[in-house]
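My numbering puts the sequence shown at residues 93 to 211.
Note that the Cβ used here is the ideal one computed from N, Cα and C, for glycine as well.
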Amino acid sequence: MNVMKLPMGAKGAAAPPKRVANAVALLALIVLGLCAAFPSHAIDLVAFGGITGPLVSALTQLAALAPGVKALVGFIGFVVALISLAALRNFGPVLFYIGLAIFAAVGLVIAGAIMGAVI
């Protein structure tokens with residue numbers, strides 16, 4: 093019978109040191125990510141003076157909407173973005189990752205601003 097033996101450490105109970113190091117690195121990455129997203133570094137997109145042009149009027153109109161309408165607009169935006177991401181899978185791996193990067197950099201920020209999140 094073909095059986096694959098897995099490395100279990102010294103007595104089979106202790107986790108290998110590489111697994112512990114990976115867990116510590118992941119925990120440190122999560123803590124750094126939370127520190128970067130802490131509210132003291134947030135930008136209010138409605139009151140931000142660096143935005144000019146038609147985006148200013150669009151953000152002020154979106155800020156005046158009721159929270160339920162903002163949630164609907166954000167949900168519809170996510171659905172449209174996910175459909176476009178599903179369509180990107182047919183274009184090949186390079187274009188898929190380029191589209192995914194564009195979605196992550198632009199789409200999520202705009203959808204968060206629509207829903208009233210302070211970014």
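Under the DSSP assignment, leucine 180 falls in the alpha helix (DSSP H) whose first and last residues are 159-180. Between the alpha carbons of isoleucine 168 and proline 109 lies a distance of about 45 Å. Pairing leucine 192 with leucine 177, the inter-Cα distance amounts to about 7 Å.
Under the 10 Å beta carbon count, glycine 166 is surrounded by 16 or more other beta carbons and is classified as buried. Taken atom to atom, the span from the alpha-carbon of proline 146 to that of valine 171 is near 24 Å. Around the beta-carbon of alanine 128, fewer than 16 other beta-carbon atoms lie within 10 Å, marking it exposed. Scanning its chain for C-beta atoms nearer than 6 Å, with the 5 sequence neighbours on each side dropped, one finds around arginine 181 the residues Phe188, in chain order.
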